[in-house]
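Line by line, the protein sequences are chains A and D. Under this note's numbering, the first sequence has 139 at position 139, and the numbering climbs by one with no breaks. All you need for this note's numbering is the position in the second sequence, starting with 1, plus 294. Glycine included, C-beta positions come from ideal geometry on N, C-alpha and C. Quick caveat: nothing in here was measured; it's all calculated off a predicted structure.
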Amino acid sequence: MTISFKETLASGKFIVTSEVGPPKGTNLEKMIHHIALLKESVAAINLTDHQSSIMRYPSLGAALLVKEQGGEPILQMTCRDRNRLALQADLLFAYSRGIKNVLCLTGDSLVVGDHKEARGVFDLDSSQLLAAIRTLEKGKDMGGNDLDGTVSFCAGAIVTPEANPLEPQLIKFEKKIEAGAEFIQTQAVYDLDKFRDFMSYARQFPVKILAGIILLTSAPMARYMNKNVPGVRVPQELIDEMAAAPKGSTLSKGIEIAGRMIREIKDDRICDGVHVMAIGKEEVVPEILKEAGL
Amino acid sequence: MIRSITSQKSMEEIERLLGDYNRVFIIGCGTCVTLCRTGGMPEVLQMKEKLEAANRLVTGYMVLPVACDEITQEALAANQSAISEAQVLLIMTCAFGVQTVARRMDKIVIPALDTLFIGKERGLGEFHEVCRQCGACIIGETGGICPVITCHKGLVNGPCGGTKEGKCEIDPQKDCAWTLIYQRLKDMGRLDLMRRYQGPRNHQVVPRPGVFFVPQEGHALSWPKGATKP
């Protein structure tokens, strides 16, 4: 029997989640393999929702697959592609099929994706989506109409602790908690001293915080993220460490660094857990966790 | 001053739209498109040269003072003979001008420009889209800066994760609306306004298209059927 993510959050144990990106197409073999690999080693698996605005198999379908395989899915839902009717309908559907965890996101801009001319919806934003979930739970839809059969979700959201300027992000973070977020996944963190500063502020809120860990695969990849991914800062020491790794073993170095960071977060109880993102390299997540001593 | 901001369509598209129509009358406008350099006299003359080089006959051309104004009808009448010789009108104004002319003339009209947005002039030759006429103004709580249009995603509760050193991730030329709003409210000691939750927006204050009748004296202002009073 799978332990629900809500129970995991309440357990006080160090929480580990990870994520799987659905495929572009209907060949689900690789995703099924990744789900099988992850479901035993993490508390819950996020299913990304057209990540980076690239059209893929839907997160809802992928979450059902996790459920069918006996795993615990966290359904990522962005506000980019659906208006409030479609979002509410998908929430009803998800709940009816046993999907009880939702991560509410604004969604990337369409211009970064592979359907650049599409219309961005953004009828709701992430905090309004969280509020909508809490409204549905009270047996009403957003129009104030009664529901015949209601929902109950464990809802989460994200924060970027290294954004610059930071305070606007923190204001939004607090709004998300007020709107009903029970857990928060962070954008990738690499500078744990700075993350400790963020946590000394964030601890005051009644919310579980999972530090985002993105596996570094090479020094150029780290530099690319610094240049192109807002809110991600890989410190120079880590880039140097990746660059110094012998040819052919940069991935193992990345696994070592990720494992080391998770171990420090866990040993020092910096936050409540980690969310491991091994974009495209899901098969090494168990190795990262082994390296972390989990 | 607000201006209709335009850009010229490619000549390939203009040629495709003109198709077999050989006799063309060109119309520009003396207001926004003159300022944007997309449909003033110099651009009209350039277009004339290009069409003639492509073996089309330009029966005449004119630059209307204000194409979107109702006086356009009289200005067109003054050029009646050259216009009547043309099979088609190639219009180098914004879509407001094109439609004003189209309603007055029994001829095919072809827009030579794309209308991009209604821009507010901030400096010489610099225009910004600052309002999208949504019908539910919230700038009283956002330091006078509209996030509905200034934020690429139209977010009303704060920045997304794509904000980067005060700029928007989609274009380093564009400011992050929420960094601007934050700075403004912080300077005024009113960050409490930013902390206030904004509910989902009403997208149907005026179900599009908007239609408005100036209320007559003694009558209450009437809203289009189905619209929610803001």
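Look up residue i in the DSSP assignment and say whether it is helix, strand or coil.
i: D/R502; result: coil
i: D/G322; result: strand
i: D/R317; result: strand
i: A/K13; result: coil
i: D/D469; result: strand
i: D/D486; result: helix
i: D/M399; result: coil
i: A/P165; result: coil
Counting contacts by CB-CB distance shorter than 8 Å, is residue i in contact with chain A?
i: D/E459; result: yes
i: D/S301; result: no
i: D/K447; result: yes
i: D/E463; result: yes
i: D/P503; result: no
i: D/G493; result: yes
i: D/T473; result: yes
i: D/C454; result: yes
i: D/Y476; result: yes
i: D/P524; result: Per-residue confidence for D/P524 stands at a pLDDT of 49, beneath the threshold of 50, marking its modelled position as unreliable; the derived number appears in the next sentence. No, D/P524 lies away from the interface with chain A (no Cβ there is under 8 Å from its Cβ).
Taking residue i as the query, report the chain D residues whose CB atoms sit under 7 Å from its CB, ordered along the chain.
i: A/D125; result: L449, V450, N451
Note down, in chain order, each residue of its chain lying with its Cβ closer than 6 Å to the Cβ of residue i, except the 5 sequence neighbours on either side.
i: A/G231; result: T160, E162, A163, Q187
i: A/H275; result: T17, Q185, L210, G212
i: A/P58; result: none
i: D/E306; result: none
i: A/Q169; result: T160, A163
Please list the partners that residue i has in chain A, where partner means a Cβ-to-Cβ separation under 8 Å.
i: D/R489; result: I171, E174, K175
Between residue i and chain D, is any beta-carbon pair separated by less than 8 Å?
i: A/V111; result: yes
i: A/M142; result: yes
i: A/E212; result: The question names Glu, but residue 212 of chain A in the sequence shown is Gly. Taking Cβ atoms only, chain D never reaches closer than 8 Å to A/G212, which makes this a no.
i: A/E178; result: yes
i: A/P165; result: yes
i: A/R84; result: yes
i: A/Q187; result: yes
i: A/I255; result: no
i: A/P235; result: no
i: A/I320; result: Lying before the first or after the last residue shown, residue 320 of chain A is absent from chain A, which here runs from 1 to 294.
i: A/G139; result: no
i: A/Q128; result: yes
i: A/T48; result: no
i: A/T135; result: no
What residues in its chain sit with their C-beta under 8 Å from that of residue i, if we drop five residues either side in the sequence?
i: A/T106; result: T78, C79, R80, F122, D125, S126
i: D/F390; result: S298, A361, C362, T409
i: A/E264; result: L192, I270
i: A/I32; result: L65, Q69
Going along chain A, which residues have a C-beta under 7 Å from residue i?
i: D/C431; result: Going along chain A, no residue has its Cβ under 7 Å from D/C431, so there is no contact; the nearest lies around 18 Å.
Excluding the 5 residues flanking residue i on each side, which residues of the same chain have their C-beta closer than 7 Å to its C-beta?
i: A/F195; result: P161, V189, A211, I270
For a contact defined as C-beta to C-beta under 9 Å, what are the partners of residue i on chain D?
i: A/L206; result: Checking the sequence shown, residue 206 of chain A turns out to be Pro, not Leu. Those within 9 Å of A/P206 in chain D number zero; the least Cβ separation is about 17 Å.
i: A/P342; result: No answer is possible for residue 342 of chain A: it lies beyond the span of chain A, which begins at 1 and ends at 294.
i: A/G231; result: G455, G456, T457, K458
i: A/P161; result: Those within 9 Å of A/P161 in chain D number zero; the least Cβ separation is about 11 Å.
Report the neighbours of residue i on chain D: residues whose CB is nearer than 8 Å to its CB, in chain order.
i: A/F122; result: K447, G448, L449
Query raised in the report: Between the region 430 to 442 of chain D and the region 323 to 335 of chain D, do at least 3 Cβ pairs fall closer than 8 Å?
Result: no
Report task. Count the CB pairs spanning the region 251 to 267 of chain A and the region 275 to 294 of chain A that are closer than 8 Å, and state whether there are at least three. Result -> yes
Requested in this report: Would you check if the region 92 to 105 of chain A and the region 4 to 11 of chain A touch, i.e. whether three or more CB-CB distances between them fall below 8 Å?
Outcome: yes
Requested in this report: Taking 8 Å as the threshold, find out whether the region 450 to 463 of chain D comes into contact with the region 410 to 417 of chain D through three or more Cβ pairs.
Outcome: no
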